[in-house]
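Engineer: For reference, the structure I am asking about is given below.
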């Protein structure tokens, strides 16, 4: 019996040792991956006390460039070295890979972009179990109970866009809506669409003619706007949810000689978009303060790391930048 006990002890001991070495190997690989990727975002990174991993899509949308500006601006004061990892919008599994690496390493915190259908609660739970602070950022709060999400309110964004359009065109408004890429479900279920529809409902006769989702391709905004105008000649206003699609719609309107005849309500702010605003091609742009979202994400990370409870859902306001009105 004693001999059997020793054999079993030796067997399970070897299994435990093997599992420990395997786990150590995985952690080592994760740390090597982080080290190979490099750390950026602050000249004071060598003296930072915290390691913050930021995972966001690699997109032309100015929302993300301003988001990263905010994170980089807030990081030095927080004593955080920022590592930014961008992934193709068509490859969300790459985001999951970086999340897994961050949790295994582990880093001190992860700021990760989340869309409507993402499992933020699940990510937060996995991160918490590893002792990693998790902060989700995005354009729309995902479903469920969220420990920490910082973003904007798309319902109000859409309502403001619809309000601007009906303020210009009243009951004559015939609207085409270009929703962001990557959403699920019908356009009518999207919060941005619901916001536009709510504003349009206040004017008898005004209506949304068509609503489509953009594609990840950089030229999708132009192609979709062109299709909207060709298939619905009566459209006199286009609502766009991203800066990229706003620029595409502006180009489509210019190509068809409709500048000043079709109102374009865009999103966010880039130098090229500002030129279109000043030139009257784009009527107005609803600018989400994604830079502040980045700043608040770093502040939330530090606060949670210091032992304070997660803030829950924080939705920041937007501003409207106006150009010349359509005829």
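Residue numbers (my numbering): 12 to 338. Cβ atoms here follow ideal geometry from the backbone N, Cα and C, with glycine treated the same way. The structure displayed is predicted, hence computed values, not measured ones.
(1) Please classify residue 221: does DSSP put it in a helix, a strand, or coil?
(2) What are the start and end residues of each continuous beta strand (DSSP E) run of 3 or more residues lying completely inside the segment 188–246, in chain order?
(3) Where does residue 255 fall in DSSP's three states?
(4) Please confirm whether residue 285 and residue 250 have their CB atoms less than 8 Å apart.
(5) Cutting at 6 Å between CB atoms, please list the residues of its own chain near residue 175, excluding the five before and the five after it.
(6) Among 164, 217 and 151, which residue has its Cα nearest to the Cα of residue 179?
(7) For residue 68, which beta-bridge partners are listed by DSSP?
(8) If you follow the alpha helix (DSSP H) that residue 346 is part of, which residue opens it and which one closes it?
(9) Given a cut-off of 8 Å, decide if residue 193 and residue 259 are closer than it, judged by their beta-carbon atoms.
(10) Among residues of its own chain, excluding the 5 on either side of residue 144, which ones have a beta-carbon nearer than 6 Å to its beta-carbon?
(11) Return the chain-ordered ranges of every beta strand (DSSP E) run that is complete within the segment 95–163 and spans a minimum of 3 residues.
(12) Using C-beta distances below 7 Å, list every residue in its chain close to residue 37, excluding the 5 sequence neighbours before and after it, in chain order.
(13) Should residue 197 go down as buried or exposed, given a rule of 16 or more other Cβ atoms within 10 Å for buried?
(14) Report the CB separation of residue 109 from residue 66 in whole angstroms; it is logged as a contact under 8 Å.
(15) Considering only DSSP beta bridges, list what residue 295 is partnered with.
(16) Taking the alpha-carbon positions, what's the residue 53 to residue 210 distance?
(17) Excluding the 5 residues flanking residue 155 on each side, which residues of the same chain have their C-beta closer than 6 Å to its C-beta?
(18) Using a threshold of 8 Å, state whether the C-beta atoms of residue 325 and residue 303 are closer than that.
(19) Buried or exposed for residue 230, please, with buried defined as at least 16 other CB atoms from any protein chain shown within 10 angstroms of its CB.
(20) On the three-state DSSP scale, how would you describe residue 267?
(21) Skipping 5 residues on each side, what residues in its chain have a beta carbon closer than 7 Å to that of residue 187?
(22) How should residue 74 be labelled, buried or exposed, when 16 other C-beta atoms within 10 angstroms of its C-beta is the threshold for buried?
(23) Leaving out five residues before and five after residue 20 in sequence, what residues of the same chain have Cβ atoms less than 7 Å from its Cβ?
(24) Looking at the secondary structure, which residues open and close the beta strand (DSSP E) in which residue 326 lies?
(25) Alpha helix (DSSP H) containing residue 308: first to last residue?
(26) For residue 124, count the other beta carbons within 10 Å of its own beta carbon; 16 or more makes it buried, fewer makes it exposed. Which is it?
(27) What does DSSP give as the partner residue(s) for residue 167 in the beta ladder?
(28) Beta carbon of residue 135, beta carbon of residue 309: below 8 Å?
(29) What number of angstroms, rounded off, separates the C-alpha of residue 279 from the C-alpha of residue 69?
(30) Under 8 Å by Cβ, that's how I've got residue 288 and residue 334 pegged, so tell me the actual separation to the nearest angstrom.
(31) Between residue 151 and residue 256, what straight-line distance do the alpha-carbon atoms span, to the nearest angstrom?
(32) Nearest to residue 140 by alpha carbon, out of 122, 149 and 117?
Structural biologist: Result, derived from the coordinates:
(1) Strand.
(2) Entirely contained in the segment 188–246, the beta strand (DSSP E) runs reaching 3 residues are, in chain order, 218–224.
(3) The three-state secondary structure of residue 255, taken from DSSP, is helix.
(4) In this structure, residue 285 keeps its C-beta atom at 8 Å or more from the C-beta atom of residue 250.
(5) 276 and 295.
(6) The shortest CA-to-CA distance from residue 179 to any of 164, 217 and 151 is the one to 217.
(7) The partner list for residue 68 (beta bridge, DSSP) reads 98.
(8) Here the chain has residues from 12 to 338 only, and residue 346 is not among them.
(9) No, these two residues do not count as a Cβ contact at 8 Å.
(10) Shown here for residue 144: same chain residues with a beta carbon closer than 6 Å to its own, the five before and five after excluded, namely 120, 312, 315 and 316 in chain order.
(11) Runs found: 120–124, 144–149 and 159–163.
(12) Reliability fails at residue 37, whose pLDDT of 38 lies under 50, so the model's placement of it is uncertain and the value that follows must be treated cautiously. Cβ within range, chain order: 115.
(13) Residue 197 should be labelled exposed.
(14) With a contact defined as Cβ atoms closer than 8 Å, residue 109 and residue 66 qualify at about 5 Å.
(15) According to DSSP, residue pairing for residue 295 in a beta bridge involves 276 and 333.
(16) For residue 53, the predicted model reports a pLDDT of 41, less than 50, meaning its position is unreliable; a value from the coordinates is still stated below. Between the C-alpha atoms of residue 53 and residue 210 there is a straight-line separation of about 43 Å.
(17) Excluding its 5 nearest sequence neighbours in each direction, residue 155 has C-beta neighbours in its own chain below 6 Å: 132, listed in chain order.
(18) The answer is no: Cβ separation not under 8 Å.
(19) When all chains shown are included, residue 230 counts as exposed.
(20) It is coil, neither helix nor strand.
(21) Answer for residue 187: 220, 221, 239, 243, 246 and 249, listed in chain order.
(22) Buried, because 16 or more other Cβ atoms sit within 10 Å of the Cβ of residue 74.
(23) Note that residue 20 scores 49 on pLDDT, short of 50, meaning its location in the model is unreliable and no value can be drawn from it.
(24) Residues 323–327.
(25) Residue 308 -> alpha helix (DSSP H) spans 301–316.
(26) Buried: at least 16 other Cβ atoms inside 10 Å.
(27) DSSP output for residue 167 lists no bridge partner at all.
(28) No, Cβ-Cβ distance for residue 135 and residue 309 is not below 8 Å.
(29) Cα to Cα, residue 279 sits roughly 17 Å from residue 69.
(30) Contact holds; Cβ gap of about 4 Å.
(31) Distance between the alpha carbons of residue 151 and residue 256 is about 18 Å.
(32) Minimum Cα distance to residue 140 is reached at 117.
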